[in-house]
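**Q**
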Amino acid sequence: MPRPPLPIGTFGSIRHYPTATGWRAMTMYRDRDGKTRPVERLGKTKTAAERNLKKALAERSGPSMGDALTADSRFKKAAELWFGKFEAAANAGSRSLGSVDTYRSILDRHVLPGLGEIRLREATVPRVDAFLDALRRNVGVSTAKTARSVVSGVLGLAVRHGALDVNPTRETARLEKGRKKGPRAFTLEERTLFLKRLDADEKAKARDLPDLSRFMMATGVRIGEALAVYWGDVDPDARTVAVDHTVIRAKGVGLFRKSTKSEAGERTLLLPSWAVEMLEQRKAITLYPCGPVFPDSLGGLRDPSNTRRSFREARGAEFAWVTSHVFRKTAATILDEAGLTARVVADQLGHSRPSMTQDVYLGRKVVDRRAADALEGAFGQPPEDE
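Shown next, in the form of structure tokens:
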């Protein structure tokens with residue numbers, strides 16, 4: 008029966024031979040290409056020759072082998088290796104810089120304290136499932152879901168290194184919670200009253216909240232997308248605005264404009280006339296004609312988190328339920344009530360799917376005048392007949 012081959016990256020028994028000047032240590036080493044080759048080194052003594060041989064074998068495997076994972080590697084080693092690759096991908100632009108901060112925080116606060124010291128072979132489905140379930144119960148579903156993504160990434164890397172046969176995270180239970188009630192839309196009376204309140208609030212006006220509210224109502228964009236719009240994206244003659252970025256904050260970088268997540272998120276929207284009028288009035292008095300439409304006090308990008316806080320301060324007890332997402336929900340509701348199809352509404356909002364149940368990418372980025380026409384009546388004025 009033939010002898011089984013050495014595992015790749017390992018060597019056989021070491022043999023020693025005396026020479027005229029000392030000793031020669033030799034063994035057979037199986038390289039990454041699968042071929043087994045003799046490797047030998049000399050030394051003044053038998054021990055020195057063997058030490059030189061082992062050093063050569065360690066160097067022969069290449070510098071990347073220092074990062075190699077085995078079933079006995081600790082989870083924390085795999086985690087740091089995975090995170091380093093993710094961070095490099097983010098710096099290269101293929102991953103979100105915002106996710107770098109999020110994943111680092113989840114690793115340090117939850118994943119490494121819970122799984123860091125186990126061996127990869129000990130990362131079984133029951134153990135990973137129990138960890139995620141405990142995180143769900145003790146911290147929350149959102150954190151548990153992010154942790155699941157991190158753990159899956161780490162163990163997926165372990166699979167690619169051959170340390171695991173399968174990724175156990177894929178077999179863990181779904182992380183679910185009770186149905187969350189989404190933001191409701193403004194009624195006509197509510198949005199009229201809310202904007203009247205903002206218009207009368209000098210602090211809110213100084214923070215551009217009335218105009219920003221109208222812009223989000225007119226477009227249905229997310230607050231980060233609204234704050235990423237530059238004057239160069241607005242074409243008042245064509246009544247359009249290009250939406251293709253969002254504002255995020257990343258550790259070590261600060262605020263910056265990031266491309267939207269998907270192709271469907273890059274869209275050109277037609278504006279209702281009242282929104283065009285508002286933008287033209289802003290353009291006439293702006294000190295930063297080449298900057299953001301809704302800048303900070305120095306003309307730079309505005310922080311979405313701080314802007315949400317400003318809305319919370321200005322909304323009052325009567326509108327305590329209002330968040331920036333309510334404007335997006337309201338725009339979608341107006342379009343739906345006007346009889347526009349789910350596809351048109353999805354294109355307006357930058358969704359790749361017209362409903363949560365669809366899983367086929369259908370984004371078309373169609374510029375549809377009916378969306379702007381429907382939004383003409385957002386404050387009670389019916390659209391003009393053409």
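First residue of the sequence shown: 8, per my numbering; consecutive thereafter. For every residue, glycine included, the Cβ atom is placed at its ideal position computed from N, Cα and C.
Let me know if P11 comes out buried or exposed under the rule of 16 or more other beta-carbons within 10 Å of its beta-carbon.
**A** exposed
**Q** Which same chain residues end up closer than 7 Å to G323 when comparing Cβ atoms and leaving out the 5 residues on each side of it in sequence?
**A** Cβ-Cβ distances below 7 Å link G323 to R204 in the same chain, with the five nearest sequence neighbours on each side left out; the list follows chain order.
**Q** Please go through the same chain and pick out, in chain order, the residues whose beta-carbon is closer than 8 Å to the beta-carbon of T34, but skip the five residues on each side of it.
**A** F18, G19, S20, I21, R22, P45, V46, E47, L60 and L64
**Q** Taking all protein chains shown into account, decide if I443 is buried (16 or more other Cβ within 10 angstroms of its Cβ) or exposed.
**A** For residue 443 there is no data in the structure shown, the boundaries of the chain being 8 and 393.
**Q** May I ask you to report which of helix, strand or coil DSSP gives P243?
**A** Three-state result, P243: coil.
**Q** Using a 10 Å radius around the Cβ and a threshold of 16 neighbouring Cβ atoms, would you call G73 buried or exposed?
**A** Reliability fails at G73, whose pLDDT of 49 lies under 50, so the model's placement of it is uncertain and no value is given.
**Q** Hey, out of D242, T199, K336 and R214, whose CA is closest to G305's CA?
**A** A quick correction: the sequence has Leu, not Gly, at residue 305. Checked all of D242, T199, K336 and R214; the closest Cα to L305 is R214.
**Q** Runs of 4 residues minimum, wholly inside the region 246 to 304: which ones carry the alpha helix (DSSP H) assignment?
**A** 280 to 292
**Q** Quick one: grab the DSSP three-state call for E47.
**A** strand
**Q** Closer than 8 Å is the cut-off here; do at least three beta carbon pairs connect the region 194 to 203 with the region 93 to 108?
**A** no
**Q** Quick one: is Y24 buried, meaning 16 or more other Cβ sit within 10 Å of its Cβ, or exposed?
**A** The residue is exposed, with fewer than 16 neighbouring Cβ atoms inside 10 Å.
**Q** Considering only residues of the same chain and omitting the five flanking positions on each side of A56, which have a CB-CB separation below 8 Å?
**A** H23, G29, W30, R31, A32, R48, L49 and G50
**Q** Assuming the contact rule is C-beta atoms closer than 8 Å, L276 and V250 should be a hit. Round their C-beta distance to whole Å, please.
**A** 6 Å
**Q** Helix, strand or coil for F386, going by three-state DSSP, please let me know.
**A** coil
**Q** Considering only their Cβ atoms, is the gap separating S312 from R256 smaller than 9 Å?
**A** yes
**Q** Which residue from V132, A86 and G121 puts its Cα closest to that of G160?
**A** A86
**Q** Take I341 as the anchor and find which of D380, R316 and E325 has the nearest alpha-carbon.
**A** D380
**Q** Pick from E344, D343 and V300: whose alpha carbon is nearest that of A237?
**A** According to the sequence provided, residue 237 is Tyr. The question's Ala does not apply to it. Comparing alpha carbon positions, the residue from E344, D343 and V300 closest to Y237 is V300.
**Q** So which of L122, T337, A211 and L200 has the shortest CA-CA distance to R229?
**A** T337
**Q** Who are the near neighbours of F201 in its chain, counting only those whose CB is closer than 8 Å to its CB and skipping five residues on each side?
**A** F193, S220, R322, F326 and V329
**Q** Check the DSSP bridge columns for R126 and list the partner residues they point to.
**A** For R126, which the question treats as bridged, DSSP gives the partners R81.
**Q** Just checking, does the region 137 to 148 make contact with the region 107 to 114 on the three C-beta pairs under 8 Å criterion?
**A** no
**Q** Quick check on D380: does DSSP put it in helix, strand or coil?
**A** It is helical.
**Q** Which residue spans inside the region 122 to 177 form an unbroken alpha helix (DSSP H) run of at least 4?
**A** You should have 132 to 145 and 148 to 167.
**Q** N145: buried (16+ other C-beta within 10 angstroms of its C-beta) or exposed?
**A** exposed
**Q** Check this for me: beta carbons of V352 and A385, under 9 Å apart or not?
**A** no
**Q** Quick check on this structure: which residue in F93, V157, E94 and V132 has the alpha carbon closest to the alpha carbon of V118?
**A** V157
**Q** What is the DSSP secondary structure of R22, reduced to helix, strand or coil?
**A** strand
**Q** Using only the alpha-carbon positions, how far apart do T43 and R67 sit?
**A** 13 Å
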